[in-house]
Structures are given as C-alpha cells and as structure tokens.
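Residues 173 to 462 in the working numbering are what the sequence shown spells out, letter by letter. Each residue gets a CB set at the ideal place from its N, CA and C atoms; glycine is no exception. In this text the structure is predicted, and so the values were computed from the model without any measurement.
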Amino acid sequence: MTIDLTKFIELTVPQNLLIIFISPIAAYVVINQMLPGLEIIPIMLSLSFAVLGFNSLNMVFDLELDKIDKPKRPLPSGRVTVDEAIKLSVFLFLTSFIISFFTNLEFVLLLIAFFVVSYIYSSPIIHIKKYIWGSSFTGTFQYALIPVLSAATISPKELPVVFFVYVISTYLVISNVKDIEDVDGEKENKISSFPILFGVNNTLALVLIGPIVLNVCIAILIFANIIEKKYFYLVMASIISYSAFALLIWREHKKTYGNKNITTQSNVVTLTTIATLFSQIVYAIVAMFG
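Dropping the structure here:
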C-alpha cells in the first residue's frame, strides 16, 4: 500500500499551512515595519514540514476517536496503515529538522520544542489532549507562539508586547474549536475537552465572541492611552472581520455539525483560522503604514 497525493493531503491537513505562510511574515512586518528577506524561507519551509508531520502523527494517536467521528479518514477506513502514517510523520519531521540547519540556533531550539509538544499532545504516555487546557495550550504553542517567535529569531528589533499578547490570547480562545468536531469520540475515550465539559454551543460562542471581546478590551486600553492610538484601526478592522466571519462560521456549523464524512478538518475550523489570520495581516499593515 502506498500513500498517494489524496491520502497525503488527508493525513497531513494542509489547510493549517495557511498559518505558516502568513503568521511568520505578519510577525516580521510588525516587528521591523518591512517585509522579510530570503532568510525567512527556510524557516517557513521547516515549519511547514513540521506542521504536516504533527498532523499526520496526531492522526495515528487519534485513531480510536476517528473511528467514531471521522471514519472516512485514511487510517480508520483502512486506506493507510498505522505503520505507513508513522513513517510519513518521521520523514516529515526529519525533513523539517534538516532544513532548520539553514536557519539559526534559536529557531532549531523552537523546532525541537514543536516536536516535543507534537508528541506529548496525543501520545498515550502523557496525552495532554485529555485535559481541558490541552487543546488551548497545544494550538497556541504550535500555531501562535512558534510561528511568531520564529520570525523574531531573524529580527534585529524586539517583538512588540501588544502584538504578542494579542496573538497568544486569540489562539488560547479559538484553539478549542477543533474539539467541536470530535465530541462523540472524546466522550467515548473520556477526554475532558471544553465542548465536553461546557457544551458545544458554549464552546462555539466562546470561539466566535471571545476575539471580539478581546478587541473591545484593546480599544478600552487605547482610549485610556495605555496602547498607541494607531492600533485603533486594527481593533475596528478585527471587530468587523470577526463579526462577518462569525456569521459564516455559525451558519457552517449549523449545516455541517455531526458530519461524519470529514477527512481533513471541518470548514468551521478553517474559517476560524482565516478570521484570525486576517487580523494578523491588518496588524502588519498598521505596523508598516500606520
């Protein structure tokens, strides 16, 4: 049995590469008020392979969940074996690590931390996914902290605290959206995710309203002269974009919730990611031209 392109896509969930293509560049622009040079390319390539490896490895550890929630995925459907998925993950992680040699020591250390969290997230030995904070921590660490700090490793200037706190806080909230599509399997496997403990609708409300509330808090700090007024444009653009995306996400959730035909991730998760990245792009534009 071989892994063709379709199976590769279904195992690695390449939608998450949107984060790797946008977040480091946005972070670099925010830090330096200019576009990055070619030195960011090996960082983005290395992170891309690392993310694909993480998603593939997570499919291995999530096999029992996917038998219930996503039976058409390659592993539960029997189209790919566990051994093949593990070999693919190792290959992707190894490729990522080799590419990191063309970056810098700080990034290599960040990448190693990414590998460690990739394993302890779903591995039955530690399995931090089973805790209510597991998804928030892992999603924030892998998709917010690592990409932003990776850009900082090639930046001569310091990372602005406001941007750092904004991105981290946003991902702490939205990372719980992924568990909504895994509720049945998580119940069966006794995983204490946010949707299990507080309900699917409450979790979705947190994901949709949380970023808007965060931006309102930033607006209050701006009017209190604690944060620079130039970020007011970011707040307004973010509130408008999140409100628009919230309507799309809610309608998509109502239409697809309980769908057992998902092979990568639901449109709800993808739309939530795009909404978050849009705000980072606006932040970068404000930093460069504001």
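Cβ-Cβ distance between residue i and residue j below 8 angstroms
i    : j    : result
P332 : I203 : yes
S438 : T428 : yes
I434 : K302 : no
Q452 : I194 : yes
V254 : L235 : yes
T325 : I352 : no
E384 : S347 : As written in the sequence, residue 384 is Ile, which differs from the Glu given in the question. Contact flag unset, no.
V201 : V349 : no
I240 : D356 : yes
I212 : P196 : yes
G311 : Y343 : yes
D354 : L237 : yes
I411 : V334 : no
I300 : Y293 : yes
Neighbourhood of residue i by C-beta distance below 7 angstroms, restricted to the same chain and skipping five residues each side
i    : result
P313 : One point to set straight first is that residue 313 is Phe, not Pro, in the sequence displayed. Hits under 7 angstroms: V289.
A257 : L183, S228, M231, V232, L247
S218 : S268, I271, S272, T275, L283
S295 : F233
A198 : Q452, I453, Y455, A456
L207 : V201
S327 : Y200, I203, N204
V379 : V345, I346, N348, V349, T444
S249 : P243
H425 : L376, V440
L393 : I399
A316 : V339, I340, Y343
E278 : T325
E360 : I240
K259 : none
Cut-off 6 angstroms between Cβ atoms - residues of its own chain near residue i, not counting five sequence neighbours on either side
i    : result
I297 : none
A391 : V407
G382 : V345
V454 : L406, A409
N188 : V223
S185 : Here the sequence assigns Val to residue 185, which means Ser is not the residue at that position. Same-chain partners within the cutoff: N227, T436, Q437.
K329 : I203, N204
G225 : S261, L264, F265
F221 : L264, T267, S268
M460 : V201, Q205
L386 : S341
Cut-off 8 angstroms between Cβ atoms - residues of its own chain near residue i, not counting five sequence neighbours on either side
i    : result
L177 : none
K179 : P246, R251, V252
A396 : none
K432 : D241, K242, P243, K244
Alpha helix (DSSP H) segments (min. 4 residues) lying fully within the region 378–433 | 404–428
Unbroken alpha helix (DSSP H) runs of length 4 or more, entirely within the region 292–317: which are they?
-> 306–312
The region 413–430 / the region 440–454 touching (three or more Cβ pairs under 8 angstroms) = yes
How about the region 303–311 and the region 259–277: do they share at least three Cβ pairs that are nearer than 8 angstroms?
-> Judged by Cβ distances under 8 angstroms, the region 303–311 makes no contact with the region 259–277, as fewer than three pairs qualify.
So does the region 214–229 actually touch the region 338–347, counting three or more Cβ pairs closer than 8 angstroms?
-> no
Please determine if the region 321–328 and the region 363–374 are in contact, where contact requires at least 3 C-beta pairs separated by less than 8 angstroms.
-> no
4-residue-minimum alpha helix (DSSP H) runs that sit fully inside the region 255–299, ordered along the chain | 277–294
Complete runs of the alpha helix (DSSP H) confined to the region 335–376 [at least 4 residues] | As for any alpha helix (DSSP H) of minimum length 4 sitting wholly inside the region 335–376, the runs are 355–360, 366–370, ordered along the chain.
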